[in-house]
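Protein chains: 2
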Amino acid sequence: MPSKRKGNKRDAILDAMLDVVVERGFHEAPMSLIAERSGASTGVIYHHFASKEEIIQAVYERTRLLKTEEFLKGYSPEMDARDAFLHVWANCYEFYRKHPREMRFMEQYALAGFPCVSDPKAAENQFFRRFQSRAKGGVLKDWPQEILQEMTLGLVARLAQSPRKWKPATLREVAEQTWESVKAD
Amino acid sequence: MPSKRKGNKRDAILDAMLDVVVERGFHEAPMSLIAERSGASTGVIYHHFASKEEIIQAVYERTRLLKTEEFLKGYSPEMDARDAFLHVWANCYEFYRKHPREMRFMEQYALAGFPCVSDPKAAENQFFRRFQSRAKGGVLKDWPQEILQEMTLGLVARLAQSPRKWKPATLREVAEQTWESVKAD
DNA sequence: AAAAACAGAACGAACGTTCGGTTTGTCCTG
DNA sequence: CAGGACAAACCGAACGTTCGTTCTGTTTTT
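Chains as they are written, first to last, in the numbering used here: chain A, 1 to 185; chain B, 1001 to 1185.
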């Protein structure tokens, strides 16, 4: 049971919801279990949150913010295009590797039909504005952004999700080959 | 309410479960709604299936079989490597386009922690045996199969999932570029 | 006439939520 | 610095609802 600062159990409740949803799915995530895992009583849970759904939304929002921050860490628009691409690729892989539970939660959240009030791909979009297609003065192939995104960061997400750990050399090769695939000729 | 042959409601129940799960998630998929949507009473549902979970497993298995069949339609191991690749790529895209609900169900099923008794990627694996990496006498880059799979059929799955409909010319270009990315130099 | 398919009311269990009361923290006043 | 007052944090039993499942009986098929 992860205890947090100041005797406040709000974060512990969010952590518990994240864990339980990832382990067992939104079905089979009863409040009684959230209470047990977080070390909070059902009473205090409803002191912090109005409903179960509000907890889930809060986990979503907290994770979305964390992702946006870590994605763009150490990136600046002045970087050379290829370097910037490989840098964010690595950031992205690192994030998903370090936060596999958060990643699974986000995917399940979107798939299960919860309302995504704020764009879950905000981080990706922000980055891709740097690399607009050549027709718009960018350096990438003249394909729709969504396709380019799936070929690059979408691929990273799924590679990081795998239980296998890839050799750094292989990952580097994949990243470089990907860059070759999407950059304008 | 899709009615089926022979007055048998088994299929209608599976269809209803598929629809409801995709629309609302495994949570919020009560039997009462399955009964209403399928036009079957709760009594007859439990005549055909032992439990709610068994219905879900049956939907999973039915979809998995359908997918395996359609993936490899018109494919034979004697085809030229590049042609075979592009052919199955197109099959794959078509399948996901024609069966978006089935696709979402399968993803949610795997994510929500249901036991995958039979390999959900059986179709992909069967196809990829044709294209083993060069180190094993194949024609693809010497990367792990899982990576190659994500770069190719995994990408198709994502593209087909998008609400946007891509131009056939663009798709063809993406397919060809993908082949260039994964084939051995 | 026997079996399979079907209907829908009913049941117990489990769920999300509420409620009354207790502890802990904070800050004001003398 | 003591003490009292107010609020926020907290607990867990209890409530009403809804869920998955069962049961008894009816209709349809073979």
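For each residue, glycine too, the CB sits at the ideal point set by N, CA and C.
Inset, instruction - Closer than 6 Å by C-beta to B:Gln1108: which residues in its own chain qualify, once you throw out the five before and the five after it? Chain order, please. - result: Numbered from its first residue, the second sequence carries residue 1108 of chain B at position 108. Result list for B:Gln1108: empty, nothing under 6 Å.
Legend entry - Residues of the stretch 1021-1039 of chain B with Cβ closer than 7 Å to any Cβ of chain A, in chain order: Those residues of the stretch 1021-1039 of chain B that come within reach of chain A (Cβ to Cβ, closer than 7 Å) are Glu1023, Arg1024, Gly1025, Phe1026 and His1027.
Inset, instruction - Go ahead and pull the three-state DSSP assignment for B:Met1001. - result: Counting from one through the second sequence, the residue named residue 1001 of chain B turns up at place 1. Below a pLDDT of 50, predicted positions are generally treated as unreliable, and B:Met1001, at 38, falls in that range; the measurement from the model is reported next regardless. Residue state, collapsed to three classes: coil.
Inset, instruction - Note down, one range per segment and in chain order, each beta strand (DSSP E) of at least 3 residues found wholly within the stretch 1078-1111 of chain B. - result: none
Inset, instruction - Check each residue of the stretch 1150-1166 of chain B: if its Cβ is closer than 8 Å to any Cβ of chain A, include it; give the result in chain order. - result: Shown in chain order are the members of the stretch 1150-1166 of chain B whose Cβ falls below 8 Å from a Cβ of chain A: Glu1150, Met1151, Gly1154, Leu1155, Arg1158, Leu1159, Ser1162, Arg1164 and Trp1166.
Inset, instruction - Could you confirm whether any beta carbon from chain A is found closer than 7 Å to the beta carbon of B:Ala1090? - result: Here residue 1090 of chain B is taken as the residue at index 90 of the second sequence, counted from 1. Taking Cβ atoms only, chain A never reaches closer than 7 Å to B:Ala1090, which makes this a no.
Legend entry - Cβ separation of A:Ile56 and A:Met103, assumed to be a contact under 8 Å, to the nearest whole Å: Locating residue 56 of chain A in the first sequence gives position 56, where the first residue counts as 1. Locating residue 103 of chain A in the first sequence gives position 103, where the first residue counts as 1. Between A:Met103 and A:Ile56 the Cβ distance is about 16 Å, and since that is not below 8 Å, they are no contact.
Inset, instruction - Kindly indicate if chain B contains any beta-carbon less than 7 Å away from that of A:Ala122. - result: By one-based count along the first sequence, residue 122 of chain A stands at place 122. With its beta carbon at least 7 Å from every one in chain B, A:Ala122 lies outside the interface.
Legend entry - Pair within 7 Å by beta-carbon distance, A:Pro77 and A:Arg134: Position 77 of the first sequence holds residue 77 of chain A. Position 134 of the first sequence holds residue 134 of chain A. The answer is no: Cβ separation not under 7 Å.
Legend entry - Contacting residues, own chain, Cβ-Cβ under 6 Å from B:Arg1172 (five flanking each side not counted): Sequence index remark: in the second sequence, residue 1172 of chain B carries index 172 (1-based). Nothing meets the Cβ criterion.
Inset, instruction - Please classify A:Lys73: does DSSP put it in a helix, a strand, or coil? - result: On the first sequence, position 73 is the one that residue 73 of chain A refers to. In this structure, A:Lys73 counts as coil in the three-state DSSP scheme.
Inset, instruction - Spell out whether any CB of chain A is found under 7 Å from the CB atom of B:Glu1107. - result: Here the question's residue 1107 of chain B lines up with position 107 in the second sequence. Answer yes: the Cβ-Cβ gap between B:Glu1107 and chain A drops below 7 Å somewhere.
Legend entry - Residue(s) in a DSSP beta bridge with B:Lys1183: Counting from one through the second sequence, the residue named residue 1183 of chain B turns up at place 183. Answer is B:Leu1140, bridged to B:Lys1183.
Legend entry - Three-way DSSP call (helix, strand, coil) for A:Gln126 in this model: By 1-based counting over the first sequence, the position of residue 126 of chain A is 126. Here A:Gln126 sits in helix by DSSP.
Legend entry - Own chain residues within Cβ distance below 7 Å of A:Lys52, not counting five before or after: For this step, residue 52 of chain A is matched to residue 52 along the first sequence. Cβ neighbours of A:Lys52 beyond the five flanking positions: Met31.
Legend entry - Residue burial classification, A:Val21 (beta-carbon count within 10 angstroms, cutoff 16): Walking along the first sequence from the start, residue 21 of chain A turns up at place 21. A:Val21 comes out buried.
Inset, instruction - Can you tell me which of the three DSSP states B:Val1174 falls into? - result: Taking the first residue of the second sequence as position 1, residue 1174 of chain B is located at position 174. Three-state DSSP puts B:Val1174 in a helix.
Legend entry - DSSP three-state assignment for B:Met1017, whether helix, strand or coil: Taking the second sequence and counting its residues from 1, one reaches residue 1017 of chain B at position 17. Looking at B:Met1017 - three-state DSSP - the assignment turns out to be helix.
Legend entry - C-alpha gap between A:Ser41 and B:Glu1061, whole angstroms: To locate residue 41 of chain A, count along the first sequence from 1; it is residue 41. To locate residue 1061 of chain B, count along the second sequence from 1; it is residue 61. Cα to Cα, the separation comes out at about 40 Å.
Inset, instruction - Spell out whether any CB of chain B is found under 7 Å from the CB atom of A:Gln177. - result: Counted from its first residue, the first sequence places residue 177 of chain A at position 177. Closer than 7 Å to some Cβ of chain B, the Cβ of A:Gln177 qualifies, so yes.
Legend entry - Residues in the stretch 74-104 of chain A having any Cβ partner in chain B nearer than 8 Å: So the list reads Arg104, given in the order they occur along the chain.
Inset, instruction - Pick helix, strand or coil for A:His47, following the three-state DSSP scheme. - result: Taking the first residue of the first sequence as 1, we reach residue 47 of chain A at position 47. A:His47 falls in the helix class under three-state DSSP.
Legend entry - Cβ contact check for the stretch 69-88 of chain A and the stretch 1088-1100 of chain B: 3 or more pairs under 8 Å: no
Inset, instruction - Taking only beta carbons into account, state which residues of the stretch 46-72 of chain A come closer than 8 Å to chain B, listed in chain order. - result: none
Legend entry - Under 9 Å from the C-beta of B:Gly1187: neighbouring residues of chain A: A query on residue 1187 of chain B cannot be resolved here, the shown segment of chain B reaching from 1001 to 1185 and no further.
Inset, instruction - Name, please, each residue of chain B whose Cβ falls closer than 9 Å to the Cβ of A:Leu18. - result: In the first sequence, counting from the first residue as 1, residue 18 of chain A sits at position 18. Chain B residues near A:Leu18: none, gap ~14 Å exceeds 9 Å.
Inset, instruction - Closer than 7 Å by C-beta to B:Lys1067: which residues in its own chain qualify, once you throw out the five before and the five after it? Chain order, please. - result: Reading the second sequence from its first residue, position 67 is the one you call residue 1067 of chain B. Same-chain partners within the cutoff: Phe1095 and Ala1123.
Legend entry - Buried/exposed call for A:Lys167, threshold 16 Cβ in 10 Å: Position 167 of the first sequence, counted from the start, is the residue given in the question as residue 167 of chain A. The residue in question, A:Lys167, is exposed, as its Cβ has fewer than 16 Cβ neighbours within 10 Å.
Legend entry - C-beta contact flag for A:Arg186 and B:Gly1154 at 7 Å: For chain A, the structure presents residues 1 to 185; residue 186 of chain A sits outside this window and is missing.
Inset, instruction - Using beta-carbon positions only, say whether B:Ser1181 and A:Gln177 come within less than 7 Å of one another. - result: Position 181 of the second sequence, counted from the start, is the residue given in the question as residue 1181 of chain B. Position 177 of the first sequence, counted from the start, is the residue given in the question as residue 177 of chain A. Contact: yes.
Inset, instruction - Rounded to whole angstroms, what's the CA-CA distance from B:Leu1072 to A:Arg24? Just pull it up for me. - result: In the second sequence, counting from the first residue as 1, residue 1072 of chain B sits at position 72. In the first sequence, counting from the first residue as 1, residue 24 of chain A sits at position 24. Roughly 33 Å separates the two Cα atoms.
Inset, instruction - Inspect the beta-carbon positions of A:Val139 and A:Lys183 and report whether they are closer than 7 Å. - result: In the first sequence, counting from the first residue as 1, residue 139 of chain A sits at position 139. In the first sequence, counting from the first residue as 1, residue 183 of chain A sits at position 183. In this structure, A:Lys183 lies closer than 7 Å to A:Val139 by Cβ.
Inset, instruction - Under 6 Å Cβ to Cβ from A:Phe26, same chain only, skipping five residues before and after it: list those, please. - result: Position 26 of the first sequence, counting from 1, holds the residue named residue 26 of chain A. Excluding residues within five positions, the ones whose Cβ falls inside 6 Å are Ala112.
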